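Below is one structure, written out as structure tokens; the observations come after it.
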Amino acid sequence: MSSADSTPESAVQAALHRMAAPDAALIRGMLGRRTTNGPFRPDPVSREHQHVLMRAAQAAPSHFNSQPWRFVLIENPDTIARIAQISGESMTELIEAGVFFERYRRYFRFSEAEMNERRDGIHIDHLPGPLRPFTRQIFSDAGLKLMRQLGVPKKLGEDNRRLVAGSPLLLAALLDREEYRPGELSGFYSVFGLGAAVENIWNAVGALGMGIQFVSTPMEIPRQWQAIGELLRVPPDLELMAVYRLGYLPPEQARPSIDWSSRHRKRLSQFVSRDTCDVPEDDHAGQEPSA
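Residue 16 in the numbering used here sits at position 23 of the sequence shown, with consecutive numbering throughout.
What follows is the structure, given as structure tokens:
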């Protein structure tokens, strides 16, 4: 192995090469997981594929096999349109008030060098021409004023609305309140189990030619989140936790006018320790010596 190949990623690929094909394919699928920022094809998601995803979710671990998750598969065009409207309005409100940038500014990166150094967050690498010179001032009062003048909040809100409205399937994830008790261990176990169930779905969509994205902005505004709960008729014994949009992936399309990339992942030494918390894992331990 040459020194150029002596990287943690090449070591992982070498390990996968030694595995049986089905096992390696499973792990490669997990490593290739993606979030879909763009539109889906308008084709309905087949019931067969919907049920495959639900079975994948059901395979997740849960405390005492409690299976506290509940899901709502949403295909009704009117319901999807209303959730899309709520999502777009929420995005506009959050950007207009500066709340979105203030809340998440620590995750924003504006250069490849910054992404390579931090290896987390999102790299906002695709912006309209008038905004590009002002990336560093985006969090300032002047930057927010400029965005308002350029109509950025409304544009982002409308882009968000269109993305959700054009999704043939939405998925609401809920928890059983008998298990989901915030502040108690059962609350943690329930959230942990739902997270595992959703991750199973996220890892499975690629094999079906599908994509998935979190519809997050309504959660930021309590009245909007309540409106979605009422729309879905969530009963008192369930807690609405999240909404996702799903669909089949189209051929490659032009990127949205405002877009980002987030494929960087932290080095082992940045999130793994050995034996105790104060001993960072060696990024290159266990690799073959370079030739």
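Built from N, CA and C at the ideal position, the CB exists for glycine as well. This one's a predicted model, so the numbers in the text were calculated from it and none came from an experiment.
Item: For H277, three-class secondary structure by DSSP; Value: coil
Item: Nearest-angstrom beta carbon gap, I221 and I79 [assumed within contact, 8 Å]; Value: 6 Å
Item: Assigned secondary structure, S(-5) (DSSP; H/G/I helix, E/B strand, else coil); Value: With a pLDDT of 41 at S(-5), under the threshold of 50, the modelled position of this residue cannot be trusted, and the question is left open.
Item: Of the residues H257, L242 and S266, the one placed nearest G31, counting alpha carbons only; Value: L242
Item: Span separating the alpha-carbon of E89 from that of Q217; Value: 16 Å
Item: Three CB pairs or more closer than 8 Å across the segment 52 to 71 and the segment 163 to 172; Value: yes
Item: Among R99, R102 and I194, nearest to T28 - alpha-carbon criterion; Value: I194
Item: Pair within 8 Å by beta-carbon distance, L163 and R63; Value: no
Item: Extent of the continuous alpha helix (DSSP H) to which G205 belongs; Value: In the sequence on display, residue 205 carries Ile and not Gly. Careful: I205 lies outside any alpha helix (DSSP H), inside the beta strand (DSSP E) at M203 to F207.
Item: Residue interval of the alpha helix (DSSP H) (run including F185); Value: L178 to V198
Item: Extent of the continuous alpha helix (DSSP H) to which M234 belongs; Value: Not the alpha helix (DSSP H): M234 falls in the beta strand (DSSP E), residues L231 to Y241.
Item: F64 - containing alpha helix (DSSP H), residue span; Value: Per DSSP, F64 belongs to no alpha helix (DSSP H); it is in the beta strand (DSSP E), W62 to I67.
Item: First through last residue of the beta strand (DSSP E) which encompasses D169; Value: L162 to D169
Item: Exposure of G144, with buried meaning 16 or more beta-carbon neighbours within 10 Å; Value: exposed
Item: Close-in-space but distant-in-sequence residues of the same chain around D151 (CB under 7 Å, 5 per side omitted); Value: The question names Asp, but residue 151 is Glu in the sequence shown. Around E151: G81.
Item: Residues bridged to H257 [DSSP beta-bridge criterion]; Value: According to DSSP, H257 bridges with nothing at all.
Item: Run of the alpha helix (DSSP H) containing M47, from where it starts to where it stops; Value: R40 to Q51
Item: Beta-carbon proximity of R112 to R260, cut-off 8 Å; Value: yes
Item: Backbone secondary structure at F33 - three-state DSSP; Value: coil
Item: Rounded separation between G186 and R238 - CA only; Value: 20 Å
Item: Proximity of P161 and D36 at Cβ, strictly below 8 Å; Value: yes
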